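Residue numbers (our numbering): 3 to 503.
Report on the structure given below.
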């Protein structure tokens with residue numbers, strides 16, 4: 003099929019630093035006879051501590067850098083990779099400005115498939131092996147392949163991703179982090195809680211290595227774990243909006259697109275697996291295994307799965323877009339109740355930014371939010387850990403995708419054409435958003451506070467307010483632009499028998 007636009011830019015990431023990602027066991031204090039200055043500290047850390055070529059695939063600053071012909075085209079199953087080179091606005095802190103508040107919202111690290119999906123994948127492999135009469139070309143490995151994946155838990159590579167994320171967060175906000183421990187929450191899934199713990203390890207190790215760092219004795223802790231499920235209000239995991247949970251819009255849009263991109267792929271696959279009992283619906287599942295197998299094979303995901311080579315670059319572009327459609331039309335602005343799942347977190351964010359109580363009637367947990375011990379308003383640094391689906395809804399509630407026109411289902415659209423929207427660009431494994439508040443010495447009014455949002459190091463210009471050339475808005479102006487979230491959106495439709503959506 004024809005592809006609108008060119009996505010070769012996705013395959014052109016270059017590592018612009020020497021340092022590479024490390025596991026906690028690999029970090030050692032730099033050897034210095036004298037106490038280093040702050041500048042020397044970061045130079046020494048980058049050169050001596052983090053310059054390990056044992057994990058060449060995963061850098062702290064840039065994320066995953068190997069197998070780029072595939073890895074940036076796996077939708078939400080892509081590993082985190084910095085989009086700094088894709089940002090038209092520099093993500094660096096503007097000269098003359100000081101960060102006064104920082105919130106990170108993070109997805110968990112790379113994982114094994116969910117229990118439901120791992121059952122589907124294992125059954126598919128078994129069915130192919132029982133029905134295929136022969137195995138040709140790159141498909142030969144399937145003849146003796148034994149399904150090795152577990153379910154739900156993070157991989158060792160995912161652990162490293164979140165450790166590195168903690169290091170990177172400390173680096174970026176070092177002026178605050180050297181004296182402040184972030185307040186940390188996690189949704190109740192074990193892999194999400196573990197992600198928060200690995201982030202803490204990276205953050206704390208950076209504190210220990212920083213000669214100016216405070217609190218070297220005890221690391222931060224996960225202050226709140228919010229249970230998941232339909233009986234628990236949880237702004238980090240959707241589950242209680244009944245109408246939304248029954249909605250199939252995302253899957254329906256994927257099905258329409260699948261019928262366009264997959265028939266030729268199915269025909270080619272079946273030619274390599276004569277008589278194999280596979281259908282068009284199996285094609286995305288076979289492609290899913292490329293990512294899941296890769297991130298589980300080695301600690302640094304350096305070994306590419308043989309499943310990846312079963313498909314062409316054009317087919318990977320189609321697959322990536324297929325995954326983006328699912329997120330956009332189920333959890334994002336393409337769903338009439340997609341934004342509603344992110345309203346609660348957005349109102350919590352407003353409370354933190356303004357140091358005022360949470361005002362919300364959607365999915366916030368009032369018991370937790372009314373208690374300063376479980377929802378402090380003066381922490382300055384915050385870290386929340388969630389899932390890709392809910393993060394998509396949160397971004398939609400914040401208006402980050404308001405410039406993106408509805409995604410077409412009759413052709414592929416690149417992330418650039420979609421104003422930065424794609425599953426791989428917004429919610430890959432170990433995705434992170436930074437929400438920053440800053441003051442600038444050159445501002446006409448010294449008390450002016452500005453807000454800016456970065457998704458995986460790409461500045462997303464704010465919407466609904468007077469945005470400047472740096473992608474920022476004044477805090478008060480931005481909050482005015484969040485009136486949809488402030489007013490609760492269409493939350494009442496979640497429980498209506500005939501929802502007016």
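Backbone N, C-alpha and C fix where the C-beta goes; we use that ideal spot for every residue, glycine too.
Keep in mind the model is a prediction, meaning the values are calculated, not measured.
Separation of residue 119 and residue 253 (C-alpha to C-alpha, rounded to the nearest whole angstrom) is 15 Å. With 16 or more other Cβ atoms from the protein chains shown falling within 10 Å of its own Cβ, residue 298 counts as buried. Where residue 202 is concerned, the enclosing alpha helix (DSSP H) starts and stops at 192-211. For the alpha helix (DSSP H) assignment, the uninterrupted runs of no fewer than 4 residues enclosed by the segment 334-369 are, from N- to C-terminal side, 342-356. In this structure, DSSP gives residue 442 an extended state, which the three-state scheme calls strand.
In this structure, 130 is the residue among 130, 62, 110 with its C-alpha nearest to the C-alpha of residue 285. The Cβ atoms of residue 140 and residue 413 do not sit closer than 8 Å to each other. Distance from residue 189 to residue 239 at the Cβ level is roughly 4 Å; contact confirmed, criterion being Cβ atoms closer than 8 Å. With fewer than three CB-CB distances shorter than 8 Å, the segment 264-273 does not count as touching the segment 54-74.
In the structure shown, the three-state DSSP call for residue 151 is coil. Put simply, of 488, 410, 71 the residue whose alpha carbon is nearest the alpha carbon of residue 260 is 410. Spatial neighbours of residue 160 in its own chain (CB-CB distance under 6 Å, excluding positions within 5 residues in sequence) are listed in chain order as 111, 112, 113. In this structure, the straight-line span from the alpha carbon of residue 74 to that of residue 436 is close to 21 Å. With respect to the C-alpha of residue 191, the residue from 356, 367, 155, 65 having the closest C-alpha is 155.
Beta bridge pairing from DSSP links residue 260 with no other residue.
Nearest C-alpha to residue 441 among 316, 96, 78: 96. Of the candidates 316, 404, 121, the residue whose Cα lies closest to the Cα of residue 149 is 121. Linking residue 402 to residue 463 through their CA atoms gives a straight-line distance of about 8 Å. Taking all protein chains in view, the Cβ of residue 133 is surrounded by fewer than 16 other Cβ atoms within 10 Å, so the residue is classified as exposed. No residue range can be given for residue 471, since it is assigned to no beta strand (DSSP E) and is classified by DSSP as neither H nor E. The C-beta distance from residue 460 to residue 422 rounds to 6 Å, short enough to meet the 8 Å contact threshold. Look at residue 306 here: in three-state DSSP terms it is coil, with no helix or strand label. Of the residues 180, 186, 231, the one whose Cα lies closest to the Cα of residue 207 is 180.
Put simply, the backbone Cα of residue 341 is about 28 Å away from that of residue 262. The beta carbon of residue 497 sits closer than 6 Å to those of 244, all from its chain and outside the five residues before and after it, given in chain order.
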